[in-house]
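Numbering (this note's numbering), first residue to last: 7 to 306.
Here it is, written out as structure tokens:
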């Protein structure tokens, strides 16, 4: 892969700092792509591979750490009232203006990032020329129901360990974390051991899980945060940007979880990666990057 120059910077937002990185040139003439990480509360590291699209097709790729995460200002004392969808929508808008691309850009959101992208797209921003929703739920109740269905297929001793610690409230116990990893290695990232950039995101979340804890909860299948009742299903028909949906065959974002996008977003295309779970951009990297690049090329 050709090495493409990148530069980092900070957006001043609400008196805090949002870190971003641009790989490639915003003046290339190609549609720049903004990449939003998941969580809520992850970091850009695990979706870092999308930067290689700049070498594939010459477009600029913008990564950023959402407020409270990674290289952006950490705010461990903020509670649930602070961490809202509106906060992150406002941050995204501010970033687009800061970079001067608000009139012409594409957006890719992975997991929670795709939920954020859908929330952004239903408002029909005129500058959004293409949308990629990667491995994202449209309704958190469906997400939890499917996660628990997948959990029921785990070995009996793993299920028992998870339940015992959830009932005891000992969700940081190493035994509970180890049992959770059995689920993660089946349905989150099947490339084991995890690549360094994926491990780095989870290590940073272990240091500070403020956003994830407040908006999601302790694990992927124990959602008790403010997003537990979130849904966008009834608003998806308002999306007018051309949309690509991607998911993995073994994804925790199961077909039932992602189907509302297919059924309700006008003209939505759906690509399933047969050897992947929740991270096709890691598990089938080259095919995933080419799929996204080919889609975006239609709108340059």
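Every residue, glycine too, gets a C-beta built ideally from N, C-alpha and C.
query, result
"Going by CA-CA distance only, name the one from 45, 161, 97, 58 that's closest to residue 212.", "45"
"Exposed or buried, which one is residue 103 when buried takes at least 16 other CB atoms within 10 Å?", "exposed"
"For residue 246, tell me which candidate among 128, 181, 200 has the shortest Cα-Cα distance.", "128"
"Taking only the alpha-carbon atoms, compute the straight-line gap between residue 199 and residue 114 and give it to the nearest angstrom.", "26 Å"
"Of all the options 236, 41, 207, 13, which has the alpha carbon lying nearest to the alpha carbon of residue 221?", "236"
"Among all the DSSP beta bridges, which residues are the ones paired with residue 70?", "26, 42"
"For residue 234, which of helix, strand or coil comes out of DSSP?", "coil"
"For residue 97, which of 24, 33, 52 has the nearest alpha-carbon?", "24"
"Please go through the region 192-256 and give each complete beta strand (DSSP E) segment of 3 or more residues, from N-terminal end onward.", "249-254"
"Checking 8 Å against the spacing of the C-beta atoms, do residue 117 and residue 295 come in under that value?", "no"
"Determine the DSSP secondary structure at residue 59, reduced to helix, strand or coil.", "helix"
"What does DSSP give as the partner residues of residue 14 in its beta bridges?", "27"
"Where residue 286 and residue 254 are concerned, what is the direct C-alpha to C-alpha distance, given to the nearest angstrom?", "6 Å"
"For a test of the three-state rule: what should DSSP assign to residue 107, helix, strand or coil?", "coil"
"Over what stretch of residues does the beta strand (DSSP E) that includes residue 135 continue unbroken?", "134-140"
"By a C-beta neighbour count over all protein chains shown, 10 Å radius and 16 as the cutoff for buried, is residue 86 buried or exposed?", "exposed"
"Quick one: what does DSSP say residue 114 is sitting in, helix, strand or coil?", "strand"
"May I ask which residues mark the beginning and end of the beta strand (DSSP E) holding residue 279?", "275-279"
"How many angstroms separate the CA atom of residue 192 from the CA atom of residue 185?", "12 Å"
"Given 8 Å as the limit, is there contact between the region 148-157 and the region 118-137, that is, 3 or more CB pairs closer than that?", "no"
"Chain B beta carbons: is any one of them nearer than 8 Å to that of residue 204?", "No chain B is part of this structure, which consists of one protein chain only."
"Kindly indicate which three-state DSSP category residue 145 falls into: helix, strand or coil?", "strand"
"Name the two residues that bound the continuous alpha helix (DSSP H) containing residue 128.", "Taken as a continuous stretch (DSSP letters only), residue 128 belongs to no alpha helix (DSSP H), as it is neither H nor E."
"When you compare each of 263, 142, 226 to residue 168 by their alpha carbons, which one comes out closest?", "226"
"Assuming residue 257 and residue 36 are in contact, meaning their beta carbons sit under 8 Å apart, how far apart are those beta carbons, in whole angstroms?", "No, residue 257 and residue 36 are not in contact; Cβ-Cβ is about 29 Å, not under 8 Å."
"Spatial neighbours of residue 93 within its chain, please: CB distance less than 6 Å, with the 5 preceding and 5 following residues excluded, ordered by chain position.", "none"
"Per DSSP, what are the beta-bridge partners of residue 19 in this structure?", "22"
"Between residue 57 and the rest of its own chain, which residues show a CB-CB distance below 6 Å, the 5 nearest in sequence each way excluded?", "29, 67"
"Tell me the rounded alpha-carbon separation between residue 53 and residue 162.", "32 Å"
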